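Taking it in order: structure first as structure tokens, then the write-up.
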Amino acid sequence: MIELPVVKAENKIKKPDWLRVKLPTGKEYAHVRSLVDKHKLHTICESGNCPNMGECWGEGTATFMILGNICTRSCSFCAVATGRPLAVELDEPERVATSVALMQVKHCVITSVDRDDLKDGGSTIWAETINAIRAKSPETTMETLLPDFKGIWENLERVLAVKPEVVSHNIETVRRLTREIRIQAKYDRSLECLRRINAAGLRTKSGIMLGFGETEEEVFEAMDDLLEAGVHILTVGQYLQPTKNHHAIIEFIHPDQFAKYKEVGLQKGFKYVESGPLVRSSYHAEKHLFPLNS
Numbered sequence: 001m002i003e004l005p006v007v008k009a010e011n012k013i014k015k016p017d018w019l020r021v022k023l024p025t026g027k028e029y030a031h032v033r034s035l036v037d038k039h040k041l042h043t044i045c046e047s048g049n050c051p052n053m054g055e056c057w058g059e060g061t062a063t064f065m066i067l068g069n070i071c072t073r074s075c076s077f078c079a080v081a082t083g084r085p086l087a088v089e090l091d092e093p094e095r096v097a098t099s100v101a102l103m104q105v106k107h108c109v110i111t112s113v114d115r116d117d118l119k120d121g122g123s124t125i126w127a128e129t130i131n132a133i134r135a136k137s138p139e140t141t142m143e144t145l146l147p148d149f150k151g152i153w154e155n156l157e158r159v160l161a162v163k164p165e166v167v168s169h170n171i172e173t174v175r176r177l178t179r180e181i182r183i184q185a186k187y188d189r190s191l192e193c194l195r196r197i198n199a200a201g202l203r204t205k206s207g208i209m210l211g212f213g214e215t216e217e218e219v220f221e222a223m224d225d226l227l228e229a230g231v232h233i234l235t236v237g238q239y240l241q242p243t244k245n246h247h248a249i250i251e252f253i254h255p256d257q258f259a260k261y262k263e264v265g266l267q268k269g270f271k272y273v274e275s276g277p278l279v280r281s282s283y284h285a286e287k288h289l290f291p292l293n294s
């Protein structure tokens, strides 16, 4: 008889009770599901495994992801596939605009994968998509969650020139953890991106995830950096590990701590702070259309 070594099971943090997600159901969810499938649209709701997909789709809204569903970057937190993207689909702006019109969306959120393989970073399709939605749905307002375009600012300017109502770029984590979490990104480059969005006179938004091992002090420092860059709207949510191959969850943050971050963020000067375990970039996005001169 051979005695085998005892191997301890990998310690895994148990998901707390406050992280319960509603299953997607209902007539409106089925309607959005059918439109997404019919028009071959990509949504970050699906590709990013968003926990709010059932709630948002049930209300008839979705966050469209343009420029394909394969990203040129390999961030350790993100569920979107990494690899060599397919060719740009030139009819995508019209397809997205048609779906927005069919869904009768009042406030539309658009994001994209990073397309570092393209000379323009995908900014031409970005601008064409915004213009196409405006042409078909002139009453629809838009939030755009943009990449950093590798710091090639003329590409960013191409999107800002068509003036979406809200422009977002996420720093995702605190300065110390950026190289580990956002492998091809740079903390200061993201801040510069946000400065340029604000300088264009647009509502400026950013988001951060918690649970990577950041400290409260580091979160407050990130808030100060974002305010200095001109950010008006901040989202703070819990990181949820998409697969075992992604970055591990170091800690589940209690709802009381999220409430504290919201209170401190508002005291520091953000116009809006969405902070909670299931908060994501586009959560309650329709509430962020405040008057710029307020």
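For the sequence shown, position 188 (counting from the first letter as 1) is numbered 188 according to the UniProt record's numbering, and the numbering increases by one without interruption.
Every residue, glycine too, gets a C-beta built ideally from N, C-alpha and C.
Please read these numbers as outputs of a predicted model, since none were measured by experiment.
Limits of the unbroken beta strand (DSSP E) element including residue i
i: residue 205; result: 203-210
i: residue 64; result: 63-66
i: residue 238; result: 233-238
i: residue 274; result: 272-275
Residue i in three-state terms, based on DSSP
i: residue 316; result: No statement about residue 316 is possible, as the shown extent of the chain runs from 1 to 294 and does not include it.
i: residue 5; result: Because residue 5 carries a pLDDT of 38, less than 50, the predicted location of this residue cannot be relied on, and the following value inherits that uncertainty. Here residue 5 sits in coil by DSSP.
i: residue 243; result: coil
i: residue 178; result: helix
i: residue 145; result: strand
i: residue 196; result: helix
i: residue 289; result: coil
i: residue 162; result: coil
i: residue 172; result: strand
i: residue 264; result: helix
i: residue 167; result: strand
i: residue 306; result: Only positions 1 to 294 of the chain appear in the structure, and residue 306 is not among them; the question remains open.
i: residue 151; result: helix
i: residue 295; result: Not covered by the structure: residue 295. The range shown for the chain is 1 to 294.
i: residue 35; result: helix
i: residue 120; result: coil
i: residue 157; result: helix
i: residue 278; result: coil
Integer-rounded CB distance, given that residue j should sit under 8 Å from residue i
i: residue 66; j: residue 92; result: 6 Å
i: residue 277; j: residue 18; result: 6 Å
i: residue 133; j: residue 100; result: 5 Å
i: residue 63; j: residue 114; result: Contact flag wrong, Cβ pair sits at about 16 Å.
i: residue 76; j: residue 181; result: 6 Å
i: residue 227; j: residue 270; result: 7 Å
i: residue 211; j: residue 238; result: 5 Å
i: residue 236; j: residue 281; result: Between residue 281 and residue 236 the Cβ distance is about 11 Å, and since that is not below 8 Å, they are no contact.
i: residue 121; j: residue 155; result: 4 Å
Beta carbon proximity, residue i to chain C, threshold 7 Å
i: residue 192; result: Although the question refers to chain C, the structure presented lacks it and comprises just one protein chain.
Extent of the continuous alpha helix (DSSP H) run through residue i
i: residue 251; result: That residue, residue 251, is in no alpha helix (DSSP H); it is neither H nor E in DSSP.
i: residue 134; result: 123-136
i: residue 225; result: 216-228
Should the segment 205-222 be regarded as contacting the segment 107-118, the criterion being three or more beta carbon pairs within less than 8 Å? no
4 or more residues per run - each alpha helix (DSSP H) lying fully within the segment 71-115: 92-103
Using 8 Å as the threshold, is the segment 81-88 in touch with the segment 187-198, meaning 3 or more CB pairs across them? no
Touch check for the segment 126-135 and the segment 158-176: three-plus C-beta pairs under 8 Å? yes
Is it true that the segment 167-175 meets the segment 254-261, where meeting means three or more beta-carbon pairs spaced less than 8 Å apart? no
Is the number of C-beta pairs between the segment 196-209 and the segment 249-256 that are closer than 8 Å three or more? no
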